[in-house]
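Worksheet: one structure, shown below.
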Amino acid sequence: MIYFNQVSKIYPGNSVALNNVTFTVEPGEFLSVVGHSGAGKSTLLKMILAEDKPTEGTVFFESTNIHELSKHAIPLLRRRIGSVFQDFRLLPDKTAYENIAFTMEAAGRGDEEIASDVPYVLELVGLGNRLSSFPHELSGGERQRVAIARAIVNQPDLLIADEPTGNLDPINTHEIIQIFKKINDIGTTIILTTHNKGVIDDLGRRVITLENGRVARDDKKGRYVL
Ligand code: ADP
Numbered sequence: 572m573i574y575f576n577q578v579s580k581i582y583p584g585n586s587v588a589l590n591n592v593t594f595t596v597e598p599g600e601f602l603s604v605v606g607h608s609g610a611g612k613s614t615l616l617k618m619i620l621a622e623d624k625p626t627e628g629t630v631f632f633e634s635t636n637i638h639e640l641s642k643h644a645i646p647l648l649r650r651r652i653g654s655v656f657q658d659f660r661l662l663p664d665k666t667a668y669e670n671i672a673f674t675m676e677a678a679g680r681g682d683e684e685i686a687s688d689v690p691y692v693l694e695l696v697g698l699g700n701r702l703s704s705f706p707h708e709l710s711g712g713e714r715q716r717v718a719i720a721r722a723i724v725n726q727p728d729l730l731i732a733d734e735p736t737g738n739l740d741p742i743n744t745h746e747i748i749q750i751f752k753k754i755n756d757i758g759t760t761i762i763l764t765t766h767n768k769g770v771i772d773d774l775g776r777r778v779i780t781l782e783n784g785r786v787a788r789d790d791k792k793g794r795y796v797l
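Each residue of the sequence shown is one higher than the one before, counting from 572 in the numbering used here.
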């Protein structure tokens with residue numbers, strides 16, 4: 572589904588963020604990317620979202636070369652990708668329900684679908700009883716669940732999660748990881764970045780370790796070696 576072919580990214584000032592990175596992510600896989608701060612994890616995700624271009628090499632989403640997409644095709648690519656971030660990025664003046672409904676409206680989904688799908692995804696993340704709560708009324712773990720529900724409501728092919736448990740305590744971290752596993756079991760491909768060894772051990776799935784922009788390890792089953 573995702574193919575990085577000899578991708579390098581050099582930022583102005585000769586900062587090498589990615590150095591000759593090659594890997595493939597198959598449909599249905601759950602890949603974690605680990606590495607110290609500055610190893611290139613965020614840059615790698617930016618390449619997939621077409622937020623930045625490689626200096627060298629190519630990145631494919633299925634048969635599409637992401638960096639040859641025209642300006643108006645990029646939003647169509649992004650619609651196939653759900654994103655979750657460390658800082659949740661919920662709209663503060665909207666309830667859990669409205670945050671998710673807003674994303675569906677932006678994708679052109681109708682009122683009936685919204686009325687049936689928003690409660691469904693909130694139920695899926697264990698927040699079926701918090702539809703009308705505002706972000707400030709929710710704990711960090713609950714906010715991240717709303718953000719995950721929002722990321723999956725338009726049924727993306729790929730879910731990208733950038734340090735999704737970075738602001739959470741161990742119990743909430745474990746619960747969020749269980750939700751990601753459940754979403755992956757339903758068939759969504761997931762790429763997640765983390766600093767957290769516990770997350771990797773909890774997942775027991777494929778791990779790519781980045782060191783100074785290079786793939787230092789690519790382990791089939793959960794190993795965190797830094
Ligand atoms: P990580 O997510 O693993 O912490 P990043 O991908 O953010 O790493 O950064 C990798 C390297 O690229 C770092 O050395 C960082 O300083 C550099 N870098 C990232 N973005 C930029 C940018 N926009 N301009 C210049 N250097 C950047």
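The beta-carbon is built from N, C-alpha and C at its ideal position, and this holds for glycine as well.
Identify whether residue i lies in helix, strand or coil by the three-state DSSP scheme.
i, result
"Ala787", "strand"
"Phe673", "helix"
"Gln749", "helix"
"Ala732", "strand"
"Ala588", "strand"
"Val724", "coil"
"Glu627", "strand"
"Asn755", "helix"
"Thr593", "strand"
"Asn636", "strand"
"Ala678", "coil"
Below 8 Å between beta carbons: does that hold for residue i and residue j?
i, j, result
"Arg516", "Lys791", "Limits of the chain in this structure are 572 at one end and 797 at the other, which puts residue 516 out of reach."
"Leu730", "Gly784", "no"
"Pro598", "Met618", "no"
"Ala621", "Leu647", "no"
"Arg701", "Leu695", "no"
"Ile750", "Arg716", "yes"
"Ile762", "Val592", "no"
"Ile748", "Leu774", "yes"
"Gly606", "Leu781", "yes"
"Thr765", "Glu600", "no"
Would you kindly report the start and end of the unbroken beta strand (DSSP E) that includes residue i?
i, result
"Leu602", "Phe601 to Val605"
"Thr764", "Thr760 to Thr765"
"Thr614", "Here Thr614 belongs to no beta strand (DSSP E); instead the alpha helix (DSSP H) covers Lys612 to Ile619."
"Lys768", "It is not in any beta strand (DSSP E) - Lys768 instead sits in the alpha helix (DSSP H) that spans Lys768 to Leu774."
"Val778", "Arg777 to Glu782"
"Ile581", "Ile573 to Tyr582"
"Ile652", "Ile652 to Phe656"
Classify residue i: buried if its beta carbon has 16 or more other beta carbons within 10 angstroms, exposed otherwise.
i, result
"Asp733", "buried"
"Lys753", "exposed"
"Gly712", "buried"
"Ile742", "exposed"
"Lys624", "exposed"
Any Cβ of chain D within less than 8 Å of the Cβ of residue i?
i, result
"Ser586", "As a matter of chain content, chain D is missing from the structure shown, which is built from one protein chain."
Just to confirm the assignment, what range does the alpha helix (DSSP H) spanning residue i have?
i, result
"Ser687", "Asp682 to Leu695"
Quick check: does the Cβ of residue i come within less than 7 Å of any heavy atom belonging to the ligand PLP?
i, result
"Ala787", "Ligands present in the displayed structure are limited to the ligand ADP, and the ligand PLP is not among them."
Just checking, does the region 584-598 make contact with the region 742-757 on the three C-beta pairs under 8 Å criterion?
-> No contact exists between the region 584-598 and the region 742-757.
Inspect the CB distances between the region 608-618 and the region 681-691 and report whether three or more fall short of 8 Å.
-> no
Please determine if the region 623-640 and the region 657-668 are in contact, where contact requires at least 3 C-beta pairs separated by less than 8 Å.
-> They do not touch, by the three-pair rule.
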